[in-house]
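Asks:
2 protein chains.
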Amino acid sequence: MTTEHEQHPADPDRATAQHPADPDRATAQHSSGFSRRGLLGAGLAAAGAGVGAAVGIAGAAAATGVNPLAAATNGDESLDLSQQHPFYATAAGQPQGGIRTVPQRHCVFMTFDLSTSVATDLQVLLARWSAAIAQLQAGKTVGSVEPAHGNGVGADTGEALDLGPASLTVTVGLGPGVFDERFGLADKRPAHLAAIPTLPSDNLDEQLTGGDLSLQACADDPQVAYHAVRDLARMARGTATVRWTVLGFGRASAGPSQSTPRNLMGFKDGTRNVTTDDEFDRFVWVDQPGDGAAWMRGGTYQVVRKIRMNLETWDADVVSDQQRVFGRTKIDGAPLSGGSEHTTPDFHAAHGDGTTKIDARSHIALAAHEANGGVKILRRGYNYTDGLNQYGQLDAGLLFAAYMNDPEHFERLQRKLGASDRLNEYVSHIGSAVFAVPPAPRKGSYIAEQLFR
Amino acid sequence: MTTEHEQHPADPDRATAQHPADPDRATAQHSSGFSRRGLLGAGLAAAGAGVGAAVGIAGAAAATGVNPLAAATNGDESLDLSQQHPFYATAAGQPQGGIRTVPQRHCVFMTFDLSTSVATDLQVLLARWSAAIAQLQAGKTVGSVEPAHGNGVGADTGEALDLGPASLTVTVGLGPGVFDERFGLADKRPAHLAAIPTLPSDNLDEQLTGGDLSLQACADDPQVAYHAVRDLARMARGTATVRWTVLGFGRASAGPSQSTPRNLMGFKDGTRNVTTDDEFDRFVWVDQPGDGAAWMRGGTYQVVRKIRMNLETWDADVVSDQQRVFGRTKIDGAPLSGGSEHTTPDFHAAHGDGTTKIDARSHIALAAHEANGGVKILRRGYNYTDGLNQYGQLDAGLLFAAYMNDPEHFERLQRKLGASDRLNEYVSHIGSAVFAVPPAPRKGSYIAEQLFR
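Heads up: the protein sequence lines correspond to chains A and B, in order. For the first sequence, UniProt numbering gives the first residue as 1, with consecutive numbering after it. For the second sequence, UniProt numbering gives the first residue as 1, with consecutive numbering after it.
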């Protein structure tokens with residue numbers, strides 16, 4: 001494998017410029033809901049009410065459009081692990097959790113290969129998963145931990161007993177394989193779902209690519225997230241086998257008064273992310289799912305990349321060069337063209353000698369929507385660490401997860417970054433996959449039920 | 001490698017029976033300090049005052065002997081990430097943090113091989129580490145993130161900026177190698193420090209054993225713990241190289257009103273742990289360090305084992321058998337002889353047919369202090385997960401860390417468990433190391449300074 005020029009898309013710059021004083025930004029970052037035009041009010045209010053008394057604070061907050069986490073994490077940095085997010089939608093086309101949800105502190109991502117070629121097996125799995133996720137997000141087990149007198153195998157492995165919901169969300173994705181010749185679902189393939197082509201600087205490990213299904217479990221307690229994926233994987237036995245997994249962590253950014261989280265390179269990551277209702281509608285939620293794919297309306301696409309960072313090389317670099325690579329200052333995250341973190345970068349600002357203050361091959365210059373036809377994607381990444389590699393060096397990086405209404409938007413960006421980004425010297429894309437993420441089901445239904453009709 | 005009979009020491013039973021209503025237990029679990037006879041009052045009060053205004057709530061709480069975490073986690077399950085633990089001792093023989101400290105939610109453990117054979121190199125490293133740990137535990141960086149105009153390599157990698165102290169403690173240990181022929185320190189070797197011998201059912205991976213130095217960084221934020229070890233490892237360059245590492249997580253047990261945390265087998269872990277002042281003095285703190293090792297008085301020994309759990313096999317077992325293996329019920333953690341979690345197990349109670357209710361080869365029967373000459377060790381373990389193994393199965397288990405005033409106590413216990421424990425079918429000890437843990441230094445000094453005099 002050649003690793004001389006690697007790539008990566010996932011850091012302090014990608015999307016739009018939202019000033020902290022911008023009222024849109026404040027509103028959007030405090031909403032854990034979604035914004036499908038015309039559905040907003042009724043949908044959220046009903047979502048809060050629909051789950052009943054057990055929802056408590058989180059439900060009440062969701063009903064008013066206020067993110068319960070924001071209240072918990074703002075200012076005092078404390079965290080309330082009794083918070084929960086409802087699973088079921090109360091109107092068609094509402095998205096699943098874990099996309100616009102304010103990022104929780106931990107994430108377990110796992111993909112699966114279907115070992116069946118019978119569509120009803122997949123259907124049953126999605127139905128079982130949906131019922132189980134609804135339980136898990138409410139802080140409950142997926143079934144009995146101690147079946148009658150212990151004379152049976154437990155339906156739930158038990159390690160999350162008493163830990164509470166911890167803001168868990170589990171997001172389910174369907175890979176391109178679901179629509180191949182096996183299941184007779186080819187004519188329902190979402191318009192933009194196809195395996196990600198080879199991109200410049202790709203350094204993929206085959207064992208960390210693809211999958212027919214994906215689970216993204218995020219929670220404020222790692223044991224709650226791990227338990228969810230473990231027990232859902234267990235439920236898939238006989239229908240799907242585990243393919244690859246990444247465990248991530250990160251401090252949430254819960255609003256303008258909370259600082260932007262940092263990646264393991266020490267730089268702020270997420271300054272110019274998708275935040276407003278309008279941006280979500282334009283760039284994230286699927287409005288035109290394609291012929292036969294009406295079941296995807298209100299859904300989105302998930303692109304996941306496991307991006308290894310060569311931390312020991314990075315740590316030996318002088319900070320002025322690190323800043324040139326990103327195009328921002330390290331501590332404040334201000335663009336090198338001046339101002340503070342949320343100042344819009346001026347890619348034309350130049351020094352006396354005519355060189356631009358922000359290097360044209362810096363990460364923020366190449367990734368900026370201004371340089372990419374206005375395209376933005378929602379980034380929702382986590383840091384990961386796998387301990388040490390075979391050379392005794394830190395093995396760590398970024399679990400890059402992004403949501404968009406057309407994966408081509410990611411590909412376009414990464415083609416450019418993979419070819420030219422100064423960051424390529426320090427990162428390596430080793431994992432990759434794409435999934436269609438259907439909207440949330442209504443109570444009594446399950447994820448993607450409409451796909452099987 | 002044969003794995004038919006593996007072993008493990010690390011779970012729902014090991015030490016003393018402490019009833020929740022026992023006043024000793026309530027007191028001890030709410031103390032994050034220590035209990036060297038005669039030092040307690042002055043030491044803790046001074047520790048709180050010594051760190052100055054920056055200590056805030058945590059310092060004030062420590063000064064009164066009340067664990068600040070208990071207040072934060074009791075009842076509402078919320079967590080205050082602005083809490084901090086002071087690093088420096090204010091009297092001789094006070095222990096380092098991370099031993100009696102109420103377990104934080106995350107842990108990064110790492111060992112190092114010394115690449116120097118010059119004692120002053122080791123001395124300088126311990127001095128630098130001590131100064132850095134004092135900074136880190138106060139929520140500060142170990143040096144400049146952006147040196148003058150960025151024209152230099154950052155002293156701190158920056159990813160924990162603004163994250164606060166998050167109750168960080170970093171515990172430093174010295175392995176047997178420090179006292180070999182290299183450094184001229186052989187005559188100062190602590191009485192009981194020697195490599196752990198091969199024990200029954202050992203299935204060790206050479207790459208996960210030993211080390212001349214250890215760091216155990218625990219915090220309520222994983223990025224804070226990771227940053228600490230990363231930057232301390234960076235500081236060791238040229239003097240020591242990284243050997244092995246494990247990243248752990250777990251929900252803290254902060255007192256009688258907080259439930260006992262569960263391991264990944266779904267069972268409560270830590271019900272009969274060392275808790276009282278008297279037990280700490282008898283079983284944990286070193287009172288007789290040996291000839292030439294006066295520098296260890298008030299310290300302790302750290303035994304660390306990486307214990308893999310065969311979770312997929314375990315998950316397929318009927319719960320009644322799982323309960324027989326542990327000797328306790330799964331949900332409540334009550335001994336199979338009856339009662340509730342904190343009821344003292346009755347190892348003689350029998351069914352009508354004469355068989356004991358608690359199997360003689362169950363984990364709690366073999367590990368009980370009643371069956372081991374009254375010996376107890378302090379367990380302070382974390383769950384870990386390494387993703388998937390080469391068979392696509394969950395690769396996870398327990399980062400077992402225990403503290404005791406003689407590692408032979410662990411060896412004695414593990415010899416028995418490794419030979420007979422029913423749990424051996426489901427676990428495998430793959431990593432192992434032992435370290436002498438000196439007491440905390442006073443301000444102006446550093447860890448183990450006395451060793452070099």
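C-beta: ideal position from N, C-alpha, C; glycine also.
Can you find a CB in chain B that lies within less than 7 angstroms of the CB of residue 86(A)?
Replies: No - not a single Cβ of chain B is within 7 angstroms of the one on residue 86(A).
Asks: In chain order, which continuous runs of the alpha helix (DSSP H) of length 4 or greater are located wholly inside the stretch 353-401 of chain B?
Replies: Listed in chain order, they are 363-367.
Asks: Does residue 264(B) have its Cβ less than 7 angstroms from a Cβ in chain A?
Replies: Yes, residue 264(B) lies at the interface with chain A (some Cβ there is under 7 angstroms from its Cβ).
Asks: Specify the secondary structure class of residue 271(A) as computed by DSSP and reduced to three states.
Replies: Residue state, collapsed to three classes: coil.
Asks: What's the call for residue 391(B), buried or exposed, on a 16-neighbour Cβ count within 10 Å?
Replies: The residue in question, residue 391(B), is exposed, as its Cβ has fewer than 16 Cβ neighbours within 10 Å.
Asks: Using a Cβ cut-off of 7 angstroms (strictly closer), state whether residue 390(B) contacts chain A.
Replies: No, no contact with chain A.
Asks: For residue 410(A), name the three-state secondary structure that DSSP assigns.
Replies: In the structure shown, residue 410(A) sits in a helix (DSSP, three-state: H, G or I).
Asks: So, with DSSP's three-state summary, where would you put residue 224(B)?
Replies: Residue state, collapsed to three classes: helix.
Asks: Does residue 152(B) have its Cβ less than 7 angstroms from a Cβ in chain A?
Replies: Output row for residue 152(B): interface = yes.
Asks: Identify, in the order they occur along the chain, each residue of the same chain with its Cβ nearer than 6 angstroms to the Cβ of residue 222(A), setting aside the five sequence neighbours on each side.
Replies: Counting only Cβ-Cβ distances below 6 angstroms, and skipping sequence neighbours, we find 106.
Asks: Can you tell me which of the three DSSP states residue 87(A) falls into?
Replies: Of the three classes helix, strand and coil, the one that applies to residue 87(A) here is coil, per DSSP.
Asks: State the start and end residues of the unbroken alpha helix (DSSP H) segment that holds residue 297(B).
Replies: Residue 297(B) -> no alpha helix (DSSP H), and no H or E assigned at all.
Asks: Can you confirm whether residue 146(A), when its beta carbon is compared against all beta carbons of chain B, has any partner nearer than 7 angstroms?
Replies: Answer yes: the Cβ-Cβ gap between residue 146(A) and chain B drops below 7 angstroms somewhere.
Asks: Just the C-alpha distance for residue 146(B) and residue 331(A), rounded to the nearest angstrom, thanks.
Replies: Going by the C-alpha atoms only, they are around 7 angstroms apart.
Asks: Let me check one thing: in DSSP terms, what residues is residue 415(A) bridge-paired to?
Replies: None; residue 415(A) has no bridge partner.
Asks: Among the residues of its own chain, which have a CB less than 6 angstroms from the CB of residue 224(A), if the five just before and after it don't count?
Replies: Hits under 6 angstroms: 160, 163, 166, 168.
Asks: With C-beta atoms as the reference, is residue 228(B) less than 7 angstroms away from residue 242(B)?
Replies: No, Cβ-Cβ distance for residue 228(B) and residue 242(B) is not below 7 angstroms.
Asks: Assuming residue 405(A) and residue 286(A) form a contact by the criterion Cβ under 8 angstroms, report the distance between their Cβ atoms to the nearest whole angstrom.
Replies: Yes, residue 405(A) and residue 286(A) are in contact; Cβ-Cβ is about 5 angstroms, under 8 angstroms.
Asks: Would you mind listing the alpha helix (DSSP H) stretches within the stretch 110-169 of chain B that are 4+ residues and don't spill past its ends, in chain order?
Replies: Whole alpha helix (DSSP H) segments, 4+ residues: 119-137.
Asks: Determine, for residue 222(B), whether the minimum Cβ-Cβ distance to residues of chain A falls below 7 angstroms.
Replies: Yes, its Cβ sits closer than 7 angstroms to a Cβ of chain A.
Asks: Rank 245(A), 424(A), 122(A) by C-alpha distance to the C-alpha of residue 325(A) and give the top, closest one.
Replies: When only C-alpha atoms are compared, the closest one is 424(A).
Asks: Is DSSP giving residue 404(B) helix, strand or coil here?
Replies: Note: residue 404(B) maps to strand in three-state DSSP.
Asks: Determine the chain A residues that contact residue 249(B) at a beta-carbon separation under 7 angstroms, and present them in chain order.
Replies: Neighbours of residue 249(B) on chain A, chain order: 222, 223.
Asks: In three-state terms, what does DSSP make of residue 177(A)?
Replies: Looking at residue 177(A) - three-state DSSP - the assignment turns out to be helix.
Asks: Cβ atoms of residue 435(B) and residue 117(B): under 7 angstroms apart, would you say?
Replies: Against a cut-off of 7 angstroms, the Cβ pair of residue 435(B) and residue 117(B) comes out as no contact.
Asks: Taking residue 324(A) as part of the alpha helix (DSSP H), name the residues at either end of that continuous run.
Replies: It spans 319-326 - the alpha helix (DSSP H) in which residue 324(A) sits, taken as one unbroken run.
Asks: Using the DSSP secondary-structure output, state which residues sit across from residue 306(A) in a beta bridge.
Replies: BP columns for residue 306(A) point to 399(A), 431(A).
Asks: Measuring only between beta-carbons, confirm whether residue 31(B) sits less than 7 angstroms from chain A.
Replies: Low per-residue confidence applies at residue 31(B): pLDDT is 35, beneath 50, and the placement is therefore not dependable, though the value from the model is reported in the following sentence. It does not: the Cβ of residue 31(B) has no partner Cβ on chain A nearer than 7 angstroms.
Asks: Return the bridge partner residues of residue 80(B) from the DSSP annotation.
Replies: BP columns for residue 80(B) point to 78(A).
Asks: Would you grab the beta carbon distance between residue 245(A) and residue 432(A) for me? Rounded to a whole angstrom, and I think it's under 8 angstroms.
Replies: Not quite, the Cβ-Cβ distance comes to about 14 angstroms (not below 8 angstroms), so this is no contact.
Asks: Counting only beta-carbon separations shorter than 7 angstroms, does residue 205(A) have a partner in chain B?
Replies: Answer no: the Cβ-Cβ gap between residue 205(A) and chain B never drops below 7 angstroms.
Asks: Where does residue 94(A) fall in DSSP's three states?
Replies: If DSSP states are grouped into helix, strand and coil, residue 94(A) belongs with coil.
Asks: Output the distance between the C-alpha atoms of residue 155(A) and residue 382(A), rounded to the nearest integer angstrom.
Replies: Spanning the two alpha carbons is a distance of roughly 30 angstroms.
Asks: Can you tell me whether DSSP reads residue 233(A) as helix, strand or coil?
Replies: Looking at residue 233(A) - three-state DSSP - the assignment turns out to be helix.
Asks: Got a sec: which bits of the stretch 287-318 of chain B sit with their beta carbon under 8 angstroms from any beta carbon on chain A, in order along the chain?
Replies: Within the stretch 287-318 of chain B, the qualifying residues are 311, 315, 316, 317, 318.
Asks: In the structure shown, what three-state DSSP assignment does residue 186(B) receive?
Replies: It is helical.
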